[in-house]
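**Student:** Here it is: the structure, laid out below.
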Amino acid sequence: MRKIQFVGFICLSIAAGLKTILLLTDRFPFNADEAIVALMARHILLNGERPVFFYGQAYMGSLDAYFVALGFALFGFQVWVIRAVQIVLYLLVILSTLSLTSLLFLPSNGKWYTAALLAVPTVNVTLYTTVSLGGYGEALLIGNLILISGFKLLCCLEDGRQPPFWWLGNFGFWVGLGFWVNGLTGVYTLPMLLSLGVVGLRHRKVLEGRITGLGLGVCCLAFLLGSLPWWMFAWREGTDGLIGELFGSAIATSQAGLLEQALRNFINLLLFGGTVLLGLRPPWEIRWLALPLAPFAIAIWFALLGWWVREMIIKKPNLQQWVITGIGVTFSLAFVFTPFGGDPSGRYFLPLWVVLAIIAGEMVVRYIPSLRYQIGLISVLVVFNLWGVVECAMRTPPGLTTQFDPVAAVDHRPMADLIRFLQEKGETRGYTNYWVAYPLAFLSEEQLIFSPRLPYHPDLRYTPRDDRYPAYTEQVLNSERIAYITTNNPKLDETLTFQFRMANIRWQETWIGEYHVYYNLSAVLHPYQIGLGEGFP
Numbered sequence: 002m003r004k005i006q007f008v009g010f011i012c013l014s015i016a017a018g019l020k021t022i023l024l025l026t027d028r029f030p031f032n033a034d035e036a037i038v039a040l041m042a043r044h045i046l047l048n049g050e051r052p053v054f055f056y057g058q059a060y061m062g063s064l065d066a067y068f069v070a071l072g073f074a075l076f077g078f079q080v081w082v083i084r085a086v087q088i089v090l091y092l093l094v095i096l097s098t099l100s101l102t103s104l105l106f107l108p109s110n111g112k113w114y115t116a117a118l119l120a121v122p123t124v125n126v127t128l129y130t131t132v133s134l135g136g137y138g139e140a141l142l143i144g145n146l147i148l149i150s151g152f153k154l155l156c157c158l159e160d161g162r163q164p165p166f167w168w169l170g171n172f173g174f175w176v177g178l179g180f181w182v183n184g185l186t187g188v189y190t191l192p193m194l195l196s197l198g199v200v201g202l203r204h205r206k207v208l209e210g211r212i213t214g215l216g217l218g219v220c221c222l223a224f225l226l227g228s229l230p231w232w233m234f235a236w237r238e239g240t241d242g243l244i245g246e247l248f249g250s251a252i253a254t255s256q257a258g259l260l261e262q263a264l265r266n267f268i269n270l271l272l273f274g275g276t277v278l279l280g281l282r283p284p285w286e287i288r289w290l291a292l293p294l295a296p297f298a299i300a301i302w303f304a305l306l307g308w309w310v311r312e313m314i315i316k317k318p319n320l321q322q323w324v325i326t327g328i329g330v331t332f333s334l335a336f337v338f339t340p341f342g343g344d345p346s347g348r349y350f351l352p353l354w355v356v357l358a359i360i361a362g363e364m365v366v367r368y369i370p371s372l373r374y375q376i377g378l379i380s381v382l383v384v385f386n387l388w389g390v391v392e393c394a395m396r397t398p399p400g401l402t403t404q405f406d407p408v409a410a411v412d413h414r415p416m417a418d419l420i421r422f423l424q425e426k427g428e429t430r431g432y433t434n435y436w437v438a439y440p441l442a443f444l445s446e447e448q449l450i451f452s453p454r455l456p457y458h459p460d461l462r463y464t465p466r467d468d469r470y471p472a473y474t475e476q477v478l479n480s481e482r483i484a485y486i487t488t489n490n491p492k493l494d495e496t497l498t499f500q501f502r503m504a505n506i507r508w509q510e511t512w513i514g515e516y517h518v519y520y521n522l523s524a525v526l527h528p529y530q531i532g533l534g535e536g537f538p
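For the sequence shown, position 254 (counting from the first letter as 1) is numbered 255 according to the working numbering, and the numbering increases by one without interruption.
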């Protein structure tokens, strides 16, 4: 027992240590999406706000912001606190995965190999389990808890026993919480529900009618409790936007037909998503990682997955193993046939890495009898993952970034200089783009409020969804003095200077890193007055 505990402690220490080293060396830029989480947590503590969803969205619950708010209450308003919350969540994911493997396989001899792959994962997993985008760490943990409670119910049914109300309520609560927090948990819920339905029908004779009805009632009530914030929001605001965004309406897609779009999504799944999933490239660019080891890693994964398919076809796997396979199938179908397939950025593939780690750990033990070769095979994958992470970390900027559009990948390292300059010049209100506005607001403790009403795309197109917190724009509109900040957008710079001249406005400008600052304007001129950022107020 002590040996097992020691191995588990080592895996958790490696996972936490790797992330801590990357954080201490400042390899994760602080971008706008994460700043939204930080600002929400700040407003929860200081303003008494109680948001249900993330600012400007209606498809991702705000649980992560509440966790971060707790961290801020304990340690102050620091960026590292946001990342510390994500690290704790990921360590819980590793622990819950170990519990999960014990329910999947008897005996679960490969779980420590699974833990090793989770402790040193691919670049994609390292990134999205360290930087907060608002609920992906929670989705992984809740997904595991859905499976654990669901597998407990399966065991009861397969043994011919009435499922205890406790586990029915447990399962319903986690499904409901996942429904609110992140719709990605549906890839766990759907195959789990299907398997429970199959086993329930198979063993329906042992299910007493009245008790079964009460049990299902407990499960439904627990689901409603877990998803209560979603229903309260739906009661106030209606369900149209909620349902649409749950199925990906917020993601920009082409106007192609359903079949053509599905084909594009399928290509994204295989070429772009698959290479990110296996750690062959970073999610933000097409660049191959750890090339000397890549062929070996690909060969190993093909062998492991081939063995798993063989197990599913030739042997008689238990229903729990079919659920694990069903997660991959459900994810693939959802990715291909919903708008989410138009966004192969990598974060949606996180559940599949947990599935792959589980499969790898078990298949290595089953098909490779030599302990030496087992360790060698898993070590190749671990070293390959670590090599990819280090290779990306050494390229700063961009570092390990969530920005896969080069236009949005602003180098924020001079942010402290920008804050100091704006405060010295008295430019506390103004306009900028989405990628600057929210990091600037959080890092300046909301002393510098710049509305994200400027476009960042080179063609100057703009979406009002960038204005996630309209209260900021209202403050800027009421200000008697404003400044402008642009980044890497020559066409926008030309437009601004032309419009300033047309309005007989005098100004000064300076560059601070990639920030182009227009300040000391002789008159106030709002973007909507010159055809930028769409009409407002």
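For each residue, glycine too, the CB sits at the ideal point set by N, CA and C.
In this text, all values refer to a predicted model and were calculated from it rather than measured experimentally.
(1) Rounded to whole angstroms, what's the CA-CA distance from aspartate 34 to leucine 292? Just pull it up for me.
(2) Could you compute how far the alpha carbon of asparagine 386 sits from the alpha carbon of valine 124?
(3) State the CB to CB distance for the pair tyrosine 129 and glycine 347, rounded to an integer number of angstroms; the pair is presumed to be in contact (CB under 8 Å).
(4) Leaving out five residues before and five after histidine 413 in sequence, what residues of the same chain have Cβ atoms less than 7 Å from its Cβ?
(5) In this structure, how does DSSP classify glutamine 509 when only helix, strand and coil are distinguished?
(6) Any chance you could list the beta strand (DSSP E) runs of at least 3 consecutive residues sitting entirely within the stretch 398-440, in chain order?
(7) Taking leucine 40 and tyrosine 470 to be in contact with their CB atoms under 8 Å, please state how far apart those CB atoms are, rounded to whole angstroms.
(8) Pull up the distance between the alpha-carbon of proline 318 and that of glutamate 312, whole angstroms please.
(9) Do leucine 353 and valine 365 have their CB atoms nearer than 8 Å?
(10) Report, in whole angstroms, the separation of the C-beta atoms of leucine 46 and alanine 70, which I expect to be a contact under 8 Å.
(11) So, with DSSP's three-state summary, where would you put valine 53?
(12) Using the three-state DSSP reduction, which class does threonine 102 fall into: helix, strand or coil?
(13) Secondary structure at histidine 44, three-state DSSP: helix, strand or coil?
(14) With distances taken Cα to Cα, identify the nearest neighbour of alanine 74 among Tyr91, Ser100, Arg43 and Phe54.
(15) Tell me, to the nearest whole angstrom, how far the beta carbon of isoleucine 147 is from that of tryptophan 175; I am working on the premise that it is less than 8 Å.
(16) By alpha-carbon positions, which one of Leu272, Trp302 and Trp323 ends up nearest to arginine 288?
(17) What's the gap between the Cα of leucine 493 and the Cα of tyrosine 432?
(18) Among Tyr457, Arg421, Gln322 and Asn434, which has the Cα closest to the Cα of glutamate 446?
(19) Please go through the same chain and pick out, in chain order, the residues whose beta-carbon is closer than 6 Å to the beta-carbon of lysine 153, but skip the five residues on each side of it.
(20) Straight-line CA distance for tyrosine 67 to leucine 194?
(21) Could you check how far apart the C-beta atoms of leucine 290 and tryptophan 388 are, in whole angstroms? I think they sit under 8 Å.
(22) Roughly how many angstroms separate the alpha carbons of leucine 260 and leucine 270, rounded to a whole number?
(23) Which stretch, first to last residue, makes up the alpha helix (DSSP H) that contains tyrosine 519?
(24) Distance check for proline 164 and cysteine 157, CA to CA, integer angstroms please.
(25) With 16 as the cutoff for other CB atoms within 10 Å, does arginine 430 come out buried or exposed?
(26) Under 8 Å between the Cβ atoms of tyrosine 91 and glycine 138?
(27) Buried or exposed for isoleucine 236, going by 16 or more other Cβ atoms inside 10 Å?
(28) Sorted by chain position, which residues of the same chain lie with C-beta nearer than 7 Å to serine 333's C-beta, five sequence neighbours on each side aside?
(29) Where does isoleucine 450 sit, in a helix, a strand or coil, going by DSSP?
(30) To the nearest angstrom, how far is the alpha carbon of glutamate 159 from that of glycine 151?
(31) Quick test of your reading: alanine 140 and glycine 177, contact by CB under 8 Å. State the CB separation rounded to the nearest angstrom.
(32) Going by DSSP, what residue range makes up the beta strand (DSSP E) through threonine 487?
(33) Note down, in chain order, each residue of its chain lying with its Cβ closer than 7 Å to the Cβ of tryptophan 302, except the 5 sequence neighbours on either side.
(34) Rounded to whole angstroms, what is the Cα-Cα separation between threonine 326 and threonine 115?
(35) List in chain order: all unbroken alpha helix (DSSP H) runs of 4+ residues lying wholly within the stretch 295-325.
(36) Could you name the residues that DSSP lists as bridge partners for glycine 62?
**Tutor:** Reading off the structure:
(1) On the sequence shown, residue 34 is found 33 positions in, with the first residue counted as 1. On the sequence shown, residue 292 is found 291 positions in, with the first residue counted as 1. Approximately 31 Å, taken between the alpha carbons.
(2) Taking the sequence shown and counting its residues from 1, one reaches residue 386 at position 385. Taking the sequence shown and counting its residues from 1, one reaches residue 124 at position 123. Spanning the two alpha carbons is a distance of roughly 7 Å.
(3) Sequence index remark: in the sequence shown, residue 129 carries index 128 (1-based). Sequence index remark: in the sequence shown, residue 347 carries index 346 (1-based). Their Cβ separation, rounded to whole angstroms, is 7 Å, which keeps tyrosine 129 and glycine 347 in contact under 8 Å.
(4) Taking the sequence shown and counting its residues from 1, one reaches residue 413 at position 412. The residues are Pro30, Phe31 and Pro440.
(5) The residue given as residue 509 occupies position 508 in the sequence shown. Reduced to three states, the DSSP call for glutamine 509 is strand.
(6) 430-432
(7) In the sequence shown, counting from the first residue as 1, residue 40 sits at position 39. In the sequence shown, counting from the first residue as 1, residue 470 sits at position 469. At roughly 7 Å, the Cβ-Cβ gap stays under 8 Å, so leucine 40 and tyrosine 470 are in contact.
(8) Indexing the sequence shown from 1 puts residue 318 at position 317. Indexing the sequence shown from 1 puts residue 312 at position 311. Between proline 318 and glutamate 312, the C-alpha separation is close to 7 Å.
(9) Here residue 353 refers to the residue found at position 352 when the sequence shown is read from its first residue. Here residue 365 refers to the residue found at position 364 when the sequence shown is read from its first residue. For leucine 353 and valine 365, no; Cβs fall outside 8 Å.
(10) Indexing the sequence shown from 1 puts residue 46 at position 45. Indexing the sequence shown from 1 puts residue 70 at position 69. Their Cβ separation, rounded to whole angstroms, is 5 Å, which keeps leucine 46 and alanine 70 in contact under 8 Å.
(11) Within the sequence shown, numbered from 1, the residue matching residue 53 stands at position 52. In this structure, valine 53 counts as coil in the three-state DSSP scheme.
(12) The sequence position of residue 102 within the sequence shown is 101, counting from 1. Three-state result, threonine 102: helix.
(13) Residue 44 sits at position 43 when you count from the first residue of the sequence shown. Helix at histidine 44.
(14) One-based indexing of the sequence shown puts residue 74 at position 73. Minimum Cα distance to alanine 74 is reached at Arg43.
(15) Locating residue 147 in the sequence shown gives position 146, where the first residue counts as 1. Locating residue 175 in the sequence shown gives position 174, where the first residue counts as 1. Indeed, because the Cβ distance is near 5 Å, the residues count as touching under 8 Å.
(16) The sequence position of residue 288 within the sequence shown is 287, counting from 1. Answer by Cα proximity: Leu272.
(17) Locating residue 493 in the sequence shown gives position 492, counting from the first residue. Locating residue 432 in the sequence shown gives position 431, counting from the first residue. Each residue's Cα considered, the two are about 12 Å apart.
(18) Within the sequence shown, numbered from 1, the residue matching residue 446 stands at position 445. Checking every option, the nearest Cα to that of glutamate 446 belongs to Arg421.
(19) Position 152 of the sequence shown holds residue 153. Hits under 6 Å: Trp168.
(20) Working through the sequence shown from its first residue, we reach residue 67 at position 66. Working through the sequence shown from its first residue, we reach residue 194 at position 193. Distance between the alpha carbons of tyrosine 67 and leucine 194 is about 29 Å.
(21) As a first step, residue 290 must be located in the sequence shown, where it is residue number 289. As a first step, residue 388 must be located in the sequence shown, where it is residue number 387. Confirmed, Cβ separation roughly 7 Å.
(22) Numbered from 1 along the sequence shown, position 259 holds the residue referred to as residue 260. Numbered from 1 along the sequence shown, position 269 holds the residue referred to as residue 270. Leucine 260 and leucine 270: Cα-Cα distance of roughly 15 Å.
(23) For the purposes of this step, residue 519 is taken as residue 518 along the sequence shown, with counting starting at 1. Tyrosine 519 -> not in any alpha helix (DSSP H); beta strand (DSSP E) instead, spanning 516-520.
(24) One-based indexing of the sequence shown puts residue 157 at position 156. One-based indexing of the sequence shown puts residue 164 at position 163. Their backbone Cα atoms lie some 6 Å apart in a straight line.
(25) What you label residue 430 is simply residue 429 of the sequence shown in a count that begins at 1. Answer is buried; the Cβ neighbour count reaches 16.
(26) Residue 91 sits at position 90 when you count from the first residue of the sequence shown. Residue 138 sits at position 137 when you count from the first residue of the sequence shown. In this structure, glycine 138 lies closer than 8 Å to tyrosine 91 by Cβ.
(27) Taking the first residue of the sequence shown as position 1, residue 236 is located at position 235. Note that residue 236 is tryptophan in the sequence shown here, rather than isoleucine. Under this definition tryptophan 236 is an exposed residue.
(28) By 1-based counting over the sequence shown, the position of residue 333 is 332. Closer than 7 Å at Cβ, skipping near neighbours: Leu270.
(29) For the purposes of this step, residue 450 is identified with residue 449 of the sequence shown, where counting begins at 1. Three-state result, isoleucine 450: strand.
(30) By 1-based counting over the sequence shown, the position of residue 159 is 158. By 1-based counting over the sequence shown, the position of residue 151 is 150. Computed Cα separation, rounded: 12 Å.
(31) Translated into the one-based positions of the sequence shown, residue 140 becomes position 139. Translated into the one-based positions of the sequence shown, residue 177 becomes position 176. No, alanine 140 and glycine 177 are not in contact; Cβ-Cβ is about 14 Å, not under 8 Å.
(32) As a working note, residue 487 is residue 486 in the sequence shown. Residues 484-488.
(33) Along the sequence shown, read from residue 1 onward, the residue named residue 302 stands at position 301. Cβ within range, chain order: Leu279.
(34) As a first step, residue 326 is located in the sequence shown; it is residue number 325 there, counting from the start. As a first step, residue 115 is located in the sequence shown; it is residue number 114 there, counting from the start. Rounded to the nearest angstrom, the two C-alpha atoms are 16 Å apart.
(35) 295-315
(36) Here residue 62 corresponds to residue number 61 of the sequence shown, with the count starting at 1. For glycine 62, which the question treats as bridged, DSSP gives the partners Phe54.
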